[in-house]
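What follows is one structure encoded as structure tokens, with my remarks underneath.
Protein chains: 2
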Amino acid sequence: MKVSELGEFGLIDLLAKTIGKLEDKQLLIGIGDDAAAWYGDTSIQLATTDSLIQGVHFTLGIASWEDLGWKAMASNLSDIAAMGGVPRYALVSLAIPPHTEVEDVTALYQGMIELAQQFGVAIIGGDTNSAPLVAITITILGSTRNRDKHILTRSSAQPGKQVAVTGYLGAAAAGLEMLTKQLQFDPEATALLRRAFLHPYPRLAEGQLLIDQGVKTAIDISDGLISDLNHICKASQVSSRIQVDRVPIQTIVKTKFDDRALEMALSGGEDYELLFTASTEVIDKVKRAASCPVTVIGEIVAGKTGEITLVDRNGEPFELSKVGWEHFIAR
Amino acid sequence: MKVSELGEFGLIDLLAKTIGKLEDKQLLIGIGDDAAAWYGDTSIQLATTDSLIQGVHFTLGIASWEDLGWKAMASNLSDIAAMGGVPRYALVSLAIPPHTEVEDVTALYQGMIELAQQFGVAIIGGDTNSAPLVAITITILGSTRNRDKHILTRSSAQPGKQVAVTGYLGAAAAGLEMLTKQLQFDPEATALLRRAFLHPYPRLAEGQLLIDQGVKTAIDISDGLISDLNHICKASQVSSRIQVDRVPIQTIVKTKFDDRALEMALSGGEDYELLFTASTEVIDKVKRAASCPVTVIGEIVAGKTGEITLVDRNGEPFELSKVGWEHFIAR
């Protein structure tokens, strides 16, 4: 069987089986969450790694080198945010064609550093390699603030809890489409959509706030709302019902993309908002404490593992063809 | 200026400058050594990352998928060995073409796991991405055995100390040449050279032994003896004199490659032996305690920073054209 037939998530499941159950009492979370987690002496330690690959995740005509650096750092920091952690150190493995201008490489690092510094994260190591294409792999090491605190996992969702999301969705997918199709919008819309796709801001403060308010379950929206909710539901062995008209779509996406806005919000991905589940009381506390919008969009239900049911405002089934963005599977 | 004109080591120096001096009292070693190091609560923490890229570090016709997994893990574990550390966890970021057979990917992981398990290292996370070529980036997290112990750095070499190396050199380069040129040797030589290039064994026990015996300065031989000694000399702002006839060349390399054997030992790279500097007394203790050969090949001298002088058995200058293997610079 080809990797393309198995799909990214099928491959990850298979690799987790290949690695097998680890006999390690210090290890809290291995493969299958946003970051790995283990007990340190005074806090839970976190580590995550993620790559940006030319031609797969970006094209150089659309993104500047600074943008690339920022985005590579952001997508990794977002995984630490989704655990409720505090990032600390970064390692950068860079593959780069030999004909690349040196100033482009320094611009790439400046993009990484600009974002990293905002969270006190230092780049402390890495390696560089000649290659036919650009690939940026970042590993982030972090921790919780102290050992008593828990972490946010994908596997702790329970029937009866509400499903909520930070911020607004769809702008990253809309930004990608604007840039690839060279769509012309007014300067304000152009700037917002461009920033959403190229300069996402990881929700680290919000991840820590979720921990403080007692939330147990979260993921960051990188693959797309439905796909990432499916990760939670599969890991927690539950299902979920989402009322699509409650999904907070970025206004400019609705204005500019009309009837495709919902699809962008549900399955576009790369918005790097946090998707979490909690009781109504906990979510109300989160809403009061958060400086960003927090919207309840549905609930966790018992039933067939991992199934996501979309309903309209009348509770009637809502059909959507495109569910998330999965590597390897040709569409 | 192009990256190819600056070269890998020039690029690393520039990126270290771009990142700048880090104001972090916990950080012991940032960019520029085999691994990053910082103070944990009860030991020094270590992290290193290294990539194997198709067409750059390997071709699939020569290496099996298991070999690739083993070698990617070995080159990373070797960096922990060069700090005198104990490896613990691994994160694997894999880029892979969609048409790859799933069983090849599991074979790749089995190769990684086979070696990792020998050192109690668990793969606890990573990511997978579709890409036009295979790239394996591994991050290893480790530590020293306790906080009191020091680590092995590149920057602690002092004039008057001896330069020594574990094991025998040249077999990895000879193995690569045998495989790429399809040279036919007897089964024993074929097996040895193949193993040297594809299944290197990281010197973790020896790295820890160097610490125990009081060695301060070490590097693993990945770029090549001269190139890696140059890293030590530049980081320590010293120079070195190597007596080439003392360099321990793998016997089979001398037999099969005759007058090219010395070049393979001096600049072939990827032998993953440890190169270290210490006093004669310390090296004698290391020799008694080690289960592998340890050979003194020269000394650290004051003088022009980073210069490596090669001398013959009469102390006369010895000329060598090819010094180490540097990415980016076309040869």
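If you're matching them up, the sequences are chains E and Z in order.
All letters in the first sequence, in the order written, are residues 132 to 462 by our numbering.
All letters in the second sequence, in the order written, are residues 132 to 462 by our numbering.
Heads up, the beta-carbon is just placed ideally off N, CA and C, and yes, glycines get one too.
These numbers were taken from a predicted model, which means no experiment stands behind them.
Residue-level contact to chain E via CB, residue i, 8 Å cutoff
{"i": "M204 (chain Z)", "result": "no"}
{"i": "V217 (chain Z)", "result": "no"}
{"i": "Y484 (chain Z)", "result": "The question about residue 484 (chain Z) has no answer here: the residues shown for chain Z are numbered 132 through 462."}
{"i": "I380 (chain Z)", "result": "no"}
{"i": "E139 (chain Z)", "result": "yes"}
{"i": "D351 (chain Z)", "result": "no"}
{"i": "G338 (chain Z)", "result": "no"}
{"i": "I162 (chain Z)", "result": "yes"}
{"i": "P318 (chain Z)", "result": "no"}
{"i": "F459 (chain Z)", "result": "Any reading at F459 (chain Z) must be qualified, since the residue scores a pLDDT of 47, below 50, and its modelled position is unreliable; the value itself is stated next. So yes, F459 (chain Z) belongs to the interface."}
Neighbouring residues, chain Z, relative to residue i (Cβ below 7 Å)
{"i": "D155 (chain E)", "result": "A253"}
Proximal residues of chain Z, C-beta to C-beta of residue i below 9 Å
{"i": "I184 (chain E)", "result": "A226, N260, S261, A262, P263, A266"}
{"i": "V187 (chain E)", "result": "A226, N260, S261, A262, P263"}
Same chain only: Cβ atoms within 7 Å of residue i, ignoring 5 sequence neighbours per side
{"i": "K385 (chain Z)", "result": "A392"}
{"i": "H362 (chain E)", "result": "R285, I350"}
{"i": "P333 (chain E)", "result": "A205, L208, S209, A212, Y403"}
{"i": "T411 (chain E)", "result": "Q293"}
{"i": "G242 (chain E)", "result": "W196, E197, D198, L199, G200, W201"}
{"i": "I431 (chain Z)", "result": "A288, Q289, P290, G291, K292, V294, V369, S371, T408"}
Short CB-CB distance (under 8 Å) between residue i and chain Z
{"i": "I244 (chain E)", "result": "yes"}
{"i": "T411 (chain E)", "result": "no"}
{"i": "L335 (chain E)", "result": "no"}
{"i": "G273 (chain E)", "result": "no"}
{"i": "P290 (chain E)", "result": "no"}
{"i": "V296 (chain E)", "result": "no"}
{"i": "L360 (chain E)", "result": "no"}
{"i": "L307 (chain E)", "result": "no"}
{"i": "L158 (chain E)", "result": "yes"}
{"i": "L145 (chain E)", "result": "yes"}
{"i": "A166 (chain E)", "result": "yes"}
{"i": "L142 (chain E)", "result": "yes"}
{"i": "P424 (chain E)", "result": "no"}
Minimum C-alpha distance to residue i - residue among the options
{"i": "Q289 (chain E)", "options": "E:S367, E:V413, E:P228, E:I282", "result": "E:S367"}
{"i": "K435 (chain E)", "options": "E:T348, E:K365, E:G338", "result": "E:K365"}
{"i": "G298 (chain Z)", "options": "Z:L405, Z:L158, Z:V134, Z:T411", "result": "Z:L405"}
{"i": "G291 (chain Z)", "options": "Z:P424, Z:C423, Z:V413", "result": "Z:V413"}
{"i": "L307 (chain Z)", "options": "Z:I162, Z:S135, Z:L191, Z:G437", "result": "Z:L191"}
{"i": "I193 (chain E)", "options": "E:L314, E:E438, E:Q344", "result": "E:L314"}
{"i": "L177 (chain Z)", "options": "Z:F189, Z:F407, Z:Q157", "result": "Z:Q157"}
{"i": "I357 (chain E)", "options": "E:G186, E:L225, E:L300, E:K416", "result": "E:L300"}
{"i": "D181 (chain E)", "options": "Z:L183, Z:S224, Z:R276, Z:D164", "result": "Z:S224"}
{"i": "L272 (chain E)", "options": "E:K387, E:G429, E:A166, E:E450", "result": "E:A166"}
{"i": "T440 (chain E)", "options": "E:V294, E:Q374, E:S398", "result": "E:Q374"}
{"i": "L397 (chain E)", "options": "E:T408, E:C423, E:V442, E:S422", "result": "E:V442"}
{"i": "R372 (chain Z)", "options": "Z:A421, Z:G355, Z:P448", "result": "Z:P448"}
{"i": "D376 (chain E)", "options": "E:I428, E:I342, E:T275, E:V294", "result": "E:I428"}
{"i": "H230 (chain Z)", "options": "E:I150, E:V134, E:A336", "result": "E:V134"}
{"i": "M132 (chain Z)", "options": "E:D235, E:T179, E:V432, E:T268", "result": "E:D235"}
{"i": "I150 (chain Z)", "options": "E:P379, E:Q344, E:Y240", "result": "E:Y240"}
{"i": "A168 (chain E)", "options": "E:S274, E:G355, E:T382", "result": "E:S274"}
Chain E contact residues for residue i, given Cβ-Cβ distances below 8 Å
{"i": "T149 (chain Z)", "result": "T237, Y240, Q241, I244"}
{"i": "P448 (chain Z)", "result": "Going along chain E, no residue has its Cβ under 8 Å from P448 (chain Z), so there is no contact; the nearest lies around 32 Å."}
{"i": "E232 (chain Z)", "result": "M132, K133, V134"}
{"i": "T173 (chain Z)", "result": "D172"}
{"i": "I193 (chain Z)", "result": "The premise fails here: I193 (chain Z) is roughly 18 Å from chain E at the closest Cβ pair, so nothing lies under 8 Å."}
Same chain, Cβ closer than 8 Å to residue i, five either side skipped, listed in chain order
{"i": "L153 (chain E)", "result": "G161"}
{"i": "K418 (chain Z)", "result": "V425"}
Contacts around residue i, its chain only, beta-carbon distance under 6 Å, and the 5 residues preceding and following it disregarded
{"i": "L222 (chain Z)", "result": "G256, G257, T270"}
{"i": "A465 (chain E)", "result": "Lying before the first or after the last residue shown, residue 465 (chain E) is absent from chain E, which here runs from 132 to 462."}
{"i": "D164 (chain Z)", "result": "T284, R285"}
{"i": "I227 (chain Z)", "result": "V265"}
{"i": "V252 (chain E)", "result": "P218, A221"}
{"i": "A304 (chain E)", "result": "M395, G399"}
{"i": "G446 (chain E)", "result": "none"}
Residue i: contacting residues in chain Z (beta-carbon distance under 8 Å)
{"i": "A178 (chain E)", "result": "Y220, L222, I255, G256, T270, L272"}
{"i": "P331 (chain E)", "result": "Residues of chain Z passing the Cβ test: none, with the nearest at roughly 17 Å."}
{"i": "D181 (chain E)", "result": "S224, D258"}
heavy atom of the ligand GTP below 7 Å from residue i C-beta
{"i": "A238 (chain E)", "result": "The model on display carries no ligand, and the ligand GTP is accordingly not part of it."}
Amino acids of chain E, ordered along the chain, whose beta-carbon sits closer than 7 Å to that of residue i
{"i": "L283 (chain Z)", "result": "Simply none; closest approach about 15 Å."}
When the Cβ atoms of the region 328-345 of chain E are set against those of the region 251-271 of chain E, are three or more pairs found closer than 8 Å? no
Check whether the region 244-261 of chain Z touches the region 145-162 of chain E, taking contact to mean three or more Cβ pairs, one atom from each stretch, closer than 8 Å. yes
Sufficient close CB pairs (3 or more, under 8 Å) joining the region 310-325 of chain E to the region 173-181 of chain E: The region 310-325 of chain E, when compared against the region 173-181 of chain E, does not touch it at the 8 Å Cβ threshold.
For the region 209-225 of chain E and the region 266-285 of chain E, state whether three or more C-beta atom pairs, one from each stretch, are separated by less than 8 Å. yes
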